[in-house]
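In the numbering used here, the protein residues as written are 42 to 373.
Here's what the structure looks like:
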């Protein structure tokens, strides 16, 4: 679907953006691939790696709607990956997080509609479900904005959807490279916020493939949630360091013990498919009710039970210690 098309990625120099660009260059023949971000050094470094003539690099900030409109001219698809994501930083700098994650999201929506972009997918996070921290709250607000964007664009305008997933193995700022650095420096035992902590877990390539699939599936207004395994923090510690010894440092400001991607409160308008869930919009768009139980790929979903909750601590699939050890050898 991306052959001959123009695709823009906000926050395109991040872990997801780089992997997404690599995936498109490997599997498709796009007309243009546009990296939109605010860091000129990261763009310069990325230009040394991605030298295809279809690549374009735009310096810009999602807080600047006019720059977004310029960058989105003649663009077919947009992935919105730009965000301030560090939980403690958001707690200490709340307005900066709000400006980027909420106001920036609305700018992306308005710019995409103005530029007649066909489809937009915004990346979300498990922290947006029942948020207890500011980062999660801003991403929940962003999710709501993107869902409602379909109403603003009208029956024949830009379609918006959201992809929500958990922790990405090895992404910048995540626990794995942090643990690896400490291990390499001989700083053991590893620091753990709480020994019972669990997290949803997926490889970056899986996240990219799920976003691509979601572009193919989307009708507009969905929040797509992949079925992925959970990880127990002490299993990760043992897989990486060879011991379950740890130093308890306490839960950080705004941090959760477990993660939820589909809260019980939205179970009544959620669907289960073979490899993912869909949270359908609670509002009706342009006087038309879409049938989300059948997507554009012909896949069929079923309603989940009223008490359903997709929770990292009760997830039926956990990575075993041996799987984590193998992951550590090959990826971590």
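Positions of the beta carbon are idealized from the N, C-alpha and C atoms, including for glycine.
This one's a predicted model, so the numbers in the text were calculated from it and none came from an experiment.
Assuming residue i and residue j make a contact with CB atoms under 8 Å, what is their CB distance in whole Å?
{"i": "residue 121", "j": "residue 161", "result": "6 Å"}
{"i": "residue 158", "j": "residue 116", "result": "5 Å"}
{"i": "residue 262", "j": "residue 331", "result": "7 Å"}
{"i": "residue 305", "j": "residue 349", "result": "7 Å"}
{"i": "residue 218", "j": "residue 360", "result": "Rounded, the Cβ-Cβ distance is 18 Å, inconsistent with contact."}
{"i": "residue 61", "j": "residue 272", "result": "Contact flag wrong, Cβ pair sits at about 23 Å."}
{"i": "residue 59", "j": "residue 87", "result": "7 Å"}
{"i": "residue 334", "j": "residue 342", "result": "5 Å"}
{"i": "residue 284", "j": "residue 149", "result": "Not quite, the Cβ-Cβ distance comes to about 45 Å (not below 8 Å), so this is no contact."}
{"i": "residue 291", "j": "residue 234", "result": "6 Å"}
{"i": "residue 267", "j": "residue 316", "result": "7 Å"}
{"i": "residue 85", "j": "residue 192", "result": "About 40 Å separates the two Cβ atoms, so there is no contact after all."}
{"i": "residue 123", "j": "residue 78", "result": "7 Å"}
{"i": "residue 106", "j": "residue 152", "result": "6 Å"}
So what's residue i in DSSP terms, helix, strand or just coil?
{"i": "residue 365", "result": "helix"}
{"i": "residue 267", "result": "strand"}
{"i": "residue 187", "result": "helix"}
{"i": "residue 200", "result": "strand"}
{"i": "residue 458", "result": "A question about residue 458 goes unanswered here, because the residues of the chain that appear run from 42 up to 373."}
{"i": "residue 125", "result": "coil"}
{"i": "residue 59", "result": "helix"}
{"i": "residue 331", "result": "coil"}
{"i": "residue 73", "result": "strand"}
{"i": "residue 244", "result": "coil"}
{"i": "residue 221", "result": "helix"}
{"i": "residue 160", "result": "strand"}
{"i": "residue 95", "result": "coil"}
{"i": "residue 54", "result": "coil"}
{"i": "residue 338", "result": "coil"}
{"i": "residue 306", "result": "helix"}
{"i": "residue 148", "result": "helix"}
{"i": "residue 108", "result": "helix"}
{"i": "residue 155", "result": "helix"}
I'd like the list of long-range same chain contacts for residue i, defined as Cβ closer than 7 Å, with 5 residues on each side in sequence excluded.
{"i": "residue 140", "result": "104"}
{"i": "residue 169", "result": "177, 180, 181, 184, 205"}
{"i": "residue 81", "result": "100"}
{"i": "residue 366", "result": "280"}
{"i": "residue 224", "result": "281, 282"}
{"i": "residue 309", "result": "347"}
{"i": "residue 255", "result": "162, 202, 204, 265"}
{"i": "residue 114", "result": "156"}
{"i": "residue 374", "result": "In the structure as shown, the chain starts at 42 and stops at 373, and residue 374 therefore has no counterpart that could be examined."}
{"i": "residue 69", "result": "43, 44"}
{"i": "residue 138", "result": "125, 131, 175, 176, 179"}
{"i": "residue 54", "result": "76, 78, 80, 83, 84, 87"}
Below 9 Å between beta carbons: does that hold for residue i and residue j?
{"i": "residue 98", "j": "residue 46", "result": "no"}
{"i": "residue 252", "j": "residue 164", "result": "yes"}
{"i": "residue 110", "j": "residue 156", "result": "yes"}
{"i": "residue 200", "j": "residue 247", "result": "no"}
{"i": "residue 231", "j": "residue 56", "result": "no"}
{"i": "residue 154", "j": "residue 190", "result": "yes"}
{"i": "residue 210", "j": "residue 362", "result": "no"}
{"i": "residue 340", "j": "residue 258", "result": "yes"}
{"i": "residue 63", "j": "residue 43", "result": "no"}
{"i": "residue 238", "j": "residue 186", "result": "no"}
{"i": "residue 125", "j": "residue 102", "result": "no"}
State the beta-bridge partners of residue i as determined by DSSP.
{"i": "residue 344", "result": "312"}
{"i": "residue 352", "result": "301"}
{"i": "residue 281", "result": "Per DSSP, none; premise fails for residue 281."}
{"i": "residue 385", "result": "No statement about residue 385 is possible, as the shown extent of the chain runs from 42 to 373 and does not include it."}
{"i": "residue 232", "result": "288"}
{"i": "residue 78", "result": "100"}
{"i": "residue 320", "result": "264, 311"}
{"i": "residue 359", "result": "271"}
{"i": "residue 141", "result": "According to DSSP, residue 141 bridges with nothing at all."}
{"i": "residue 133", "result": "Beta-bridge pairing links residue 133 to no other residue."}
{"i": "residue 118", "result": "48, 160"}
{"i": "residue 239", "result": "273"}
Leaving out the 5 sequence neighbours to the left and right, which residues in its chain are closer than 8 Å to residue i when beta-carbon positions are compared?
{"i": "residue 236", "result": "274, 275, 287, 289"}
{"i": "residue 48", "result": "65, 71, 73, 74, 75, 116, 117, 118, 119, 120"}
{"i": "residue 345", "result": "303, 308, 311, 312, 313, 318"}
{"i": "residue 215", "result": "208, 209"}
{"i": "residue 229", "result": "223, 282, 284, 286"}
Are the C-beta atoms of residue i and some chain B residue less than 9 Å apart?
{"i": "residue 341", "result": "Among the chains in the structure shown there is no chain B, since it carries only a single protein chain."}
In its own chain, which residues sit with a C-beta less than 6 Å from the C-beta of residue i, not counting the 5 before and 5 after it?
{"i": "residue 172", "result": "178, 181"}
{"i": "residue 358", "result": "270"}
{"i": "residue 95", "result": "71, 73, 74"}
{"i": "residue 166", "result": "180"}
{"i": "residue 336", "result": "258"}
{"i": "residue 227", "result": "none"}
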